[in-house]
Structure formats: C-alpha cells, structure tokens
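*Asks:*
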Amino acid sequence: HEEVRASSETREWQSAIRIATQSLKHELAVKVDHEVVTKSLLSHREEVEQKLKALLLEHDAKIVGMEESLQQELQRQLDGRGAQVLRVDAELAALRQMVVRTADEDHGSGRWLWRSGNTAKGGLVPWEVEAKNGSPATLLWSDEATAITTTVAGLYHIQLGFFTHSTCIIQVTVNGEPILTHSPSTRLQSSSSGEALGGAAQSFGEVQYITRRIRHSVGDVTCVALDEFVALPAPAAVAVRFESPSRAQAFMSISKM
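Quick note, the working numbering runs 729 ahead of the 1-based positions in the sequence shown.
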C-alpha cells in the first residue's frame, strides 16, 4: 500500500515538474521573442536614423549650394547694375557738360536773317528776322534793322553767309566805317560755260586760290562766307553792305568771345 502511494506521489511530482518546465520554456520563449523583436526594432530604428541623417545632410548641402548660387547670381546682377549705373552717370555727366557748353555758347551770341533779297538805302542789308539772341541786352536788334549794336566792348566772332550764284561785294562796317571788304578777284579765269577753271592768281609772289560757286539745279546750295574775329568798341553798330546783280539771302552771327 505504501509503495502504491509513493508511486502516485512520484507521478504527481513528475507531472508538476513537466508543467513547471513547460511554463518556464514558454516564458523563456516569450522572453527570447521579445528580445529578438526589441533588437530588430532597435536595429531598424538605427538604420532609419542613419538614413534620416544622410537625407538631412544631403538636404543641407543642396540648400547651401542653392544659397551660394543665388548669392553669386545676385552679386553678378548687382555688378551689372553697378556698371550700368556708372555708364548712366557718365552719360549724364557728358550731357550736363554739353548743356552747359551749349548754354555758354548761346549766351552772348545771336543770329539774324535776311530773306527778302531787298537792300535798304546805301546797299545796307536789313536783318529782318532774329533767329536767336542769347543776350538781348548786349546785342541790340529791331525789326528790319540794318545794324546790330553791341553794347559791351571786347572780342567778337562775326560770321556771314550770302546765298547767291553771282559775283558780289560784301562790306562790313562798324559805326559806319568799313572794317573789311569781300570782292571778286579780277584774275578769275572762266570757261565759256561760266564754270571755274581752277586757276591761280599771282599776287606779290603769293598764290591766291579762287573758289567759284556755281548755281545748283535746286537753287543756291552754297554761300559766300566770311568768318572774322574783331575787337569792337562800345557801342558798336555792325552793318553789312551788299552789291550783286542778282538777289540773295543771308545770315549773320555775332558771338561774344
């Protein structure tokens, strides 16, 4: 009877040991699976973190490159704008100088026109139109006046142009006294057609070349011109006498030097 009981107890212990062993195995398996899963997750997390860092580094590098490119482009545009600004400043400075120079040239200068072709008494040219006058107080003119009166003494530049195809005599007077006369040369050689032969006249051992102006088909294109610098007193009435077999038109410019 005792043996039977001992055998029964032994089986019970063996059964308990098997249950406990199975429970331990199950817990161990669960623990092992958890550790494997944890290691796998940790490994995957590290891989994801590394890829994320690589992407961030690449993104930062692209941003830096874009910033450098934009800065270079901006600097290039600024340099170009700077060159344009310098060029515009230079052009404006040149324009200002031109305006100042033109104003200086216009100040103290005038121009008058003779259009009718009719002379006044004594062959004086009536200056019928005042084209410009930068100093009306020092260059006195009245309608169809035969003289322009300068009120300030000094050096003046006088320019005359008479549009005519005929020979003419031009005399400039100051206060009624002649100061210079332009007249045709007596040694001018002409062909039967009236055109100049281009000859030269000898005078006191010097060669004087004579220019003959021929009438153009559209009219008087060239003019007989005088260009002189004179020292005028104050006041000085500058007048011009004109003699020619044909009508003419003319201009006179007087500039204070």
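Cβ atoms here follow ideal geometry from the backbone N, Cα and C, with glycine treated the same way.
Remember, it's a predicted structure, so these values are computed and weren't measured experimentally.
#1: What does the Cβ neighbour count give for residue 715, buried or exposed, with the cut at 16 atoms within 10 Å?
#2: Tell me, which residues are paired with residue 867 by DSSP?
#3: Decide if the segment 882 to 900 is in contact with the segment 952 to 964; the criterion is three or more beta carbon pairs, one per stretch, under 8 Å apart.
#4: Could you tell me the distance, in whole angstroms, from the CA atom of residue 988 to the CA atom of residue 786?
#5: For residue 981, count neighbouring C-beta atoms within 10 Å of its own C-beta (all shown protein chains included) and say buried if the count is 16 or more, exposed if not.
#6: Which value, in whole angstroms, describes the spacing of the CA atoms of residue 950 and residue 889?
#7: Using C-beta distances below 7 Å, list every residue in its chain close to residue 968, excluding the 5 sequence neighbours before and after it, in chain order.
#8: Rounded to a whole number of angstroms, what is the C-alpha to C-alpha distance between residue 909 and residue 858?
#9: Determine the contact status of residue 823 and residue 904, defining contact as a CB-CB distance below 8 Å.
#10: In this structure, does DSSP put residue 775 in helix, strand or coil?
#11: Using the three-state DSSP reduction, which class does residue 931 fall into: helix, strand or coil?
#12: Counting contacts by CB-CB distance shorter than 8 Å, is residue 977 in contact with chain B?
#13: Should residue 976 and residue 900 be called a contact, given that it needs their Cβ atoms to be closer than 8 Å?
#14: Alpha carbon to alpha carbon, what distance is there between residue 789 and residue 798?
#15: Check whether the Cβ atoms of residue 893 and residue 879 sit closer than 8 Å, and answer yes or no.
#16: Quick check: what's the CA-CA separation for residue 891 versus residue 986?
#17: What residues in its chain sit with their C-beta under 7 Å from that of residue 984, if we drop five residues either side in the sequence?
#18: Hey, how far is the Cα of residue 796 from the Cα of residue 775?
#19: Quickly, what does DSSP pair residue 862 with across the bridge? List them, please.
#20: Out of 818, 805 and 906, which one is the CA nearest neighbour of residue 962?
#21: Evaluate residue 928 with the Cβ neighbour count: other Cβ atoms within 10 Å of its Cβ, from every protein chain shown; 16 or more gives buried, anything less gives exposed.
#22: Between residue 849 and residue 869, what straight-line distance do the alpha-carbon atoms span, to the nearest angstrom?
#23: Go ahead and pull the three-state DSSP assignment for residue 967.
#24: Would residue 860 pass as a contact of residue 841 if the rule is Cβ separation under 8 Å?
#25: What are the residues that DSSP puts in a beta bridge with residue 901?
#26: Might you give, ordered along the chain, the residues of its own chain that have their beta carbon closer than 6 Å to the beta carbon of residue 895, omitting 5 neighbours on each side?
*Replies:* Reading off the structure:
#1: The requested residue 715 is not part of the displayed model; the chain covers only 730 to 986.
#2: Beta-bridge pairing links residue 867 to no other residue.
#3: yes
#4: Outside the displayed range of the chain (730 to 986) lies residue 988, so it cannot be described from this structure.
#5: buried
#6: 15 Å
#7: 853, 875, 876 and 902
#8: 24 Å
#9: no
#10: helix
#11: Because the pLDDT at residue 931 is just 42, under 50, the model does not fix this residue reliably, and the value given afterwards should be weighed accordingly. Residue 931 falls in the strand class under three-state DSSP.
#12: You won't find chain B in this structure, because it holds only one protein chain.
#13: Going by C-beta atoms, residue 976 is not nearer than 8 Å to residue 900.
#14: 14 Å
#15: no
#16: For residue 891 and residue 986, the distance between alpha carbons rounds to 23 Å.
#17: 837, 838, 885 and 886
#18: 31 Å
#19: 839
#20: 906
#21: Confidence at residue 928 is low in this model, with a pLDDT of 39, below 50, so its placement is unreliable and the value that follows should be read with caution. Residue 928 comes out exposed.
#22: 19 Å
#23: strand
#24: Contact flag set, yes.
#25: 909 and 969
#26: 973, 974 and 975
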